[in-house]
Every structure is written in structure tokens, then in C-alpha cells.
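See structure below.
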Amino acid sequence: MFDCAIGRNGATAIKTEGDGATPAGVYPLRNILYRSDRLEKPLSGLPVYPLDKDDGWCDTPDHPDYNRFVHLPHPAHCEELWREDRIYDVIIVMAYNDNPVRSGKGSAIFMHVAQPSFKPTEGCIALVLEDLMVIVNHLDKDSLIDIQPG
Numbered sequence: 373m374f375d376c377a378i379g380r381n382g383a384t385a386i387k388t389e390g391d392g393a394t395p396a397g398v399y400p401l402r403n404i405l406y407r408s409d410r411l412e413k414p415l416s417g418l419p420v421y422p423l424d425k426d427d428g429w430c431d432t433p434d435h436p437d438y439n440r441f442v443h444l445p446h447p448a449h450c451e452e453l454w455r456e457d458r459i460y461d462v463i464i465v466m467a468y469n470d471n472p473v474r475s476g477k478g479s480a481i482f483m484h485v486a487q488p489s490f491k492p493t494e495g496c497i498a499l500v501l502e503d504l505m506v507i508v509n510h511l512d513k514d515s516l517i518d519i520q521p522g
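Residue numbers in the sequence shown follow our numbering, run continuously in steps of one, and reach 522 at the last position.
The structure is reproduced here in C-alpha cells:
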């Protein structure tokens with residue numbers, strides 16, 4: 373059991389883009405993204421990819437790339453994955469709203485590094501780096517995350 377931060381509006385079974393809530397449900401985990409300039413390549417049973425300065429995640433609901441990994445610059449608004457605040461030094465990509473993608477149901481839902489004092493997220497799950505790395509090291513293609521509404 374690890375301490376974590378979730379969305380500023382808790383967890384919900386009815387997630388919408390920008391609501392500040394973490395989506396409740398059981399989700400597979402897709403892959404790991406990491407900052408190779410700050411960390412060694414994590415060991416994991418999931419695919420592991422280094423981030424580049426031009427990596428992003430589209431969060432514009434009416435764009436065809438909504439809730440998809442993209443390269444920046446991009447014509448739609450996108451979350452920048454290369455950040456100075458270190459919260460995206462390691463990202464576990466959750467399989468939320470990705471098959472199929474439903475416009476407006478939420479995007480860029482990750483497990484990532486927590487901000488100081490476990491400041492609430494915009495909908496992700498955030499843990500201290502050391503705990504996140506323990507999880508990363510134990511994941512495989514059958515791993516799931518179970519998020520309960522609350």
C-alpha cells in the first residue's frame with residue numbers, strides 16, 4: 373500500500389474532460405514513459421520508452437488525436453510531457469478512454485510522480501518517485517489498476 377494523490381474532485385464513475393476527477397474503474401496499464409536525462413531506464417514487464425522534448429498528449433476533445441500521444445508542436449491543445457517540475461519523470465500510461473476514445477470523457481490519465489505534500493492532481497494518480505518505481509518494477513502485461521469511487 374502506497375500513499376498517493378488523486379484528482380482534486382476525488383474519483384468518479386462519470387469522468388469528463390477537465391472535471392478534476394480520477395476515473396473510477398479497473399484499467400489495464402499500457403506502457404512506461406520516462407525522462408532519460410534524469411533517470412536510468414526503468415525495469416518493467418511493460419514496454420518502456422524515453423520521453424523527448426517534443427512529446428505531448430492531446431487533450432482537445434474535438435480533435436482526431438484526442439487522448440493520444442503526439443509530437444509538439446501540434447495544431448490542437450496538448451499536455452506537455454517534458455516538464456521541469458519532475459512530475460512526468462516517470463509516467464505509467466493507464467488504458468483509460470483509449471479503445472475506443474470517446475470525445476470529452478477525459479484524457480492523459482496517468483500514474484506519475486507526486487508534487488510536494490501530495491497536491492491533488494487534475495485526474496491522475498500521483499506517488500512519490502520511489503514508490504512509483506517499485507510499482508513500475510512489478511508491472512507486466514496483465515497488470516490492472518482498480519480505482520474505487522469515493
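Note that CB positions come from ideal geometry on N, CA and C, so glycine has one too. Computed from a predicted structure; not experimentally measured.
Within the same chain, Pro-433, Gly-476 and Gly-478 come within 6 angstroms of Glu-389 by CB-CB distance, once the 5 residues on both sides are set aside. Per DSSP, the continuous beta strand (DSSP E) segment holding Asp-427 begins and ends at 427-430. Nearest in C-alpha terms to Ile-464, of all of Thr-384, Leu-411 and Cys-496, is Cys-496. About 18 angstroms separates the beta carbons of Val-398 and Asn-439, which is beyond the 8 angstroms limit, so they are not a contact pair. Pairing Pro-395 with Tyr-468 gives a Cβ-Cβ distance under 9 angstroms.
In the DSSP assignment, Asn-509 falls within the unbroken alpha helix (DSSP H) covering 501-510. Gly-417 and Glu-494 do not touch by the CB rule: their CB atoms are close to 28 angstroms apart, not below 8 angstroms. Checking the DSSP bridge columns, you'll see Pro-395 partnered with Thr-384. Checking the DSSP bridge columns, you'll see Asn-403 partnered with Val-465.
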